[in-house]
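Comments concern the structure below.
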Amino acid sequence: MLLHLLPLSCPRCPAPELRPGGRPGSAAGGPWARRAGGLARRRALRRTDLQPETPPRRGRRGGDGHDPHAGGALLETVRRLLLAKEEADAEGDEEEEEEEEQAQFPKRWAIVFLCFSAFLLCNMDRVNMSIAILPMSAEFGWNPQTVGLIQSSFFWGYLLTQIAGGIWADTVGGKTVLGFGVVWWSIATALTPIAAQLGLPFLLVVRAFMGIGEGVAMPAMNNILSKWVPVSERSRSLSLVYSGMYLGSVTGLAFSPLLIHKFGWPSVFYSFGSLGAVWVTTWVTKAYSSPLEDPGISAAEKKLIISQSTAGEPVKTIPWKLILSKPPVWALIVSHFCHNWGTFILLTWMPTYYNQVLKFNLMESGLFCVLPWFTMAVSANVGGWIADTLVSRGVSVTTVRKIMQSIGFLGPAFFLTQLSHVNSPAMAVLCMACSQGTDAFSQSGLYSNHQDIGPRYAGVLLGLSNTAGVLAGVFGTAATGYILQHGSWDNVFEVSVVLYLVGTLVWNVFSTGEKILD
Numbered sequence: 001m002l003l004h005l006l007p008l009s010c011p012r013c014p015a016p017e018l019r020p021g022g023r024p025g026s027a028a029g030g031p032w033a034r035r036a037g038g039l040a041r042r043r044a045l046r047r048t049d050l051q052p053e054t055p056p057r058r059g060r061r062g063g064d065g066h067d068p069h070a071g072g073a074l075l076e077t078v079r080r081l082l083l084a085k086e087e088a089d090a091e092g093d094e095e096e097e098e099e100e101e102q103a104q105f106p107k108r109w110a111i112v113f114l115c116f117s118a119f120l121l122c123n124m125d126r127v128n129m130s131i132a133i134l135p136m137s138a139e140f141g142w143n144p145q146t147v148g149l150i151q152s153s154f155f156w157g158y159l160l161t162q163i164a165g166g167i168w169a170d171t172v173g174g175k176t177v178l179g180f181g182v183v184w185w186s187i188a189t190a191l192t193p194i195a196a197q198l199g200l201p202f203l204l205v206v207r208a209f210m211g212i213g214e215g216v217a218m219p220a221m222n223n224i225l226s227k228w229v230p231v232s233e234r235s236r237s238l239s240l241v242y243s244g245m246y247l248g249s250v251t252g253l254a255f256s257p258l259l260i261h262k263f264g265w266p267s268v269f270y271s272f273g274s275l276g277a278v279w280v281t282t283w284v285t286k287a288y289s290s291p292l293e294d295p296g297i298s299a300a301e302k303k304l305i306i307s308q309s310t311a312g313e314p315v316k317t318i319p320w321k322l323i324l325s326k327p328p329v330w331a332l333i334v335s336h337f338c339h340n341w342g343t344f345i346l347l348t349w350m351p352t353y354y355n356q357v358l359k360f361n362l363m364e365s366g367l368f369c370v371l372p373w374f375t376m377a378v379s380a381n382v383g384g385w386i387a388d389t390l391v392s393r394g395v396s397v398t399t400v401r402k403i404m405q406s407i408g409f410l411g412p413a414f415f416l417t418q419l420s421h422v423n424s425p426a427m428a429v430l431c432m433a434c435s436q437g438t439d440a441f442s443q444s445g446l447y448s449n450h451q452d453i454g455p456r457y458a459g460v461l462l463g464l465s466n467t468a469g470v471l472a473g474v475f476g477t478a479a480t481g482y483i484l485q486h487g488s489w490d491n492v493f494e495v496s497v498v499l500y501l502v503g504t505l506v507w508n509v510f511s512t513g514e515k516i517l518d
């Protein structure tokens, strides 16, 4: 009944739109549009002076005997009622918005899961050779030195695409690069039996080609997650993705003996290689290089990611001189080399160790190899949770990275030294599992540090450090074959322990968790 007292039009008070239910503040754009419209109206109501012009006074009352201030107070009351209604409507819209956000699975974690599954396939296709090499060497008459050559040939190609993959991912986008990698290595995996039948040179080339495809995976993934994952979730997301590698090893080592026993060793390569086609189909339709390119991401999630993003603008040129002048970058490179020497030896030679030293048969070698990798998958995620919790409680990122990586170095060093003192296969397997389990804390140490010190160049930095890691794989895998021909497994483990200790020293002296590259 009081609405006739309001002005019919006001340049600063736009008329509220009515949605189909008659509630003001609705627009076709959903709750975000309703919220924006309601906010504009509330601001207008606060700014608008609804006081009528005061007529000329005749004493204390107007000519009609009424107090003009009473009308102004009445209009003020109406204005406040309208404002209260708008605020109540806004609260309802915000509740609707929160319900919609909670009902939708976060897109960033969908991207993390797709990267996880890519890394699962990556290690499935990589470790199958460590099992298949046993019947293959028996069939083709390969000695340990030839086996070491075949195992190391993968790293020839893997080495070539580390830095190139990082540059490509940082300039073109991680989606394209990771998709290319999965297609390439899946085809090479499927061609492995054909190459082996043609001869050793063909097999070496195909294994190197497979390495080319897998070499771009880590730089591309690092680029994608640097854009998609907030800093507060970095350790957990990277640990989950890298645990895909460990579970890939578990899956590959568990299923390879079964397939070999039932269908022969070529079946491992054909079946594993075909899985890449399934993954690529999903990746092409669901993934984007950054949240800015994804039309399906919610506005709230995009705002959350961008507000915590440190990635900055896309890279056009790489400041190599600046990057290579930073001691923390060299700490990454040296530490990655020391870490990967032991990791790749265990990855490629563990089934042979179980078969020759512990006297397990083919089936047992594959199954017992599963335990250390499964332990790594669990430990990586535990370490990621611990690291993110410490950061959220105010512990500096530098301190967290040093603690996690020290565990990742000193743990494996300790348990490898115990292998020469154990007398039972069960204790040897337990030492291997504990060594690999503590090694997985590196995912919250050096493997998370690339995004800490230079998020814009995360792909390039990982390409640089992983190049050193691949060199460790090439030399370490080949050197292990040479050492075993002229020495023992104790000598193999001693070299790994020394490098773990060197890595610990370098990491704790020169690394940082602060951003040093803009």
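full-length UniProt numbering applies: residue 1 is where the sequence shown begins, and numbers increase by one. By construction, the Cβ of each residue, glycine as well, lies at the ideal position given by its N, Cα and C atoms.
N-terminal and C-terminal residue of the alpha helix (DSSP H) that residue i is part of
| i | result |
| --- | --- |
| residue 514 | No alpha helix (DSSP H) contains residue 514, which DSSP labels as neither H nor E. |
| residue 261 | 234-263 |
| residue 417 | 397-418 |
| residue 468 | 458-486 |
| residue 227 | 217-228 |
| residue 176 | 174-198 |
| residue 308 | 299-308 |
| residue 322 | 320-324 |
| residue 519 | Any answer about residue 519 is impossible in this case: the structure gives the chain only from 1 up to 518. |
| residue 294 | Note, residue 294: premise wrong, no alpha helix (DSSP H); not H, not E. |
| residue 426 | 425-439 |
| residue 448 | 446-453 |
Heavy atom of the ligand ATP within 7 Å of residue i beta-carbon
| i | result |
| --- | --- |
| residue 196 | The ligand ATP is not part of this structure, which contains no ligands at all. |
CA nearest to the CA of residue i, picked from the options
| i | options | result |
| --- | --- | --- |
| residue 447 | 322, 273 and 406 | 406 |
| residue 496 | 236, 207 and 473 | 473 |
| residue 176 | 287, 209 and 249 | 287 |
| residue 207 | 139, 121 and 184 | 184 |
| residue 280 | 117, 515, 153 and 502 | 117 |
| residue 193 | 431, 302 and 273 | 273 |
| residue 449 | 317, 507, 217 and 493 | 507 |
| residue 239 | 335, 451, 385 and 276 | 385 |
| residue 485 | 249, 442 and 143 | 143 |
| residue 228 | 106, 339 and 383 | 106 |
| residue 289 | 444, 108 and 412 | 108 |
| residue 317 | 178, 167 and 218 | 167 |
| residue 440 | 343, 296 and 425 | 343 |
| residue 341 | 401, 470, 368 and 303 | 470 |
| residue 122 | 179, 172 and 140 | 179 |
| residue 606 | 195, 80 and 282 | Lying before the first or after the last residue shown, residue 606 is absent from the chain, which here runs from 1 to 518. |
| residue 275 | 190, 414, 145 and 397 | 190 |
| residue 218 | 511, 493 and 451 | 451 |
| residue 111 | 380, 263 and 220 | 220 |
| residue 426 | 509, 250 and 369 | 369 |
| residue 454 | 400, 489 and 511 | 511 |
| residue 490 | 353, 204, 124 and 254 | 353 |
| residue 371 | 253, 262, 304 and 389 | 253 |
So does the region 476-487 actually touch the region 236-256, counting three or more Cβ pairs closer than 8 Å?
no
Residue ranges of each alpha helix (DSSP H) run of no fewer than 4 residues wholly in the region 350-397, ordered along the chain?
362-392
Three-pair Cβ contact test at 8 Å for the region 264-271 versus the region 129-142
yes
Counting Cβ pairs closer than 8 Å, one from the region 499-514 and one from the region 392-408, do we hit at least three?
yes
Would you call the region 508-517 and the region 327-343 in contact, with 3 or more CB pairs under 8 Å?
yes
Are at least three pairs of beta-carbons, each pair with one atom in the region 196-207 and one in the region 220-237, less than 8 Å apart?
no
Are at least three pairs of beta-carbons, each pair with one atom in the region 160-168 and one in the region 457-471, less than 8 Å apart?
yes
Mind the definition here: the region 428-446 touches the region 409-419 only if three or more C-beta pairs lie below 8 Å; say whether that holds.
yes
Take every Cβ of the region 209-227, pair it with every Cβ of the region 346-354, and state whether three or more of those distances are shorter than 8 Å.
no
In chain order, what are the residue ranges of uninterrupted alpha helix (DSSP H) at least 4 long that sit wholly in the region 97-155?
107-140
Pairing CB atoms from the region 145-158 with CB atoms from the region 208-222, are three or more of them under 8 Å?
yes
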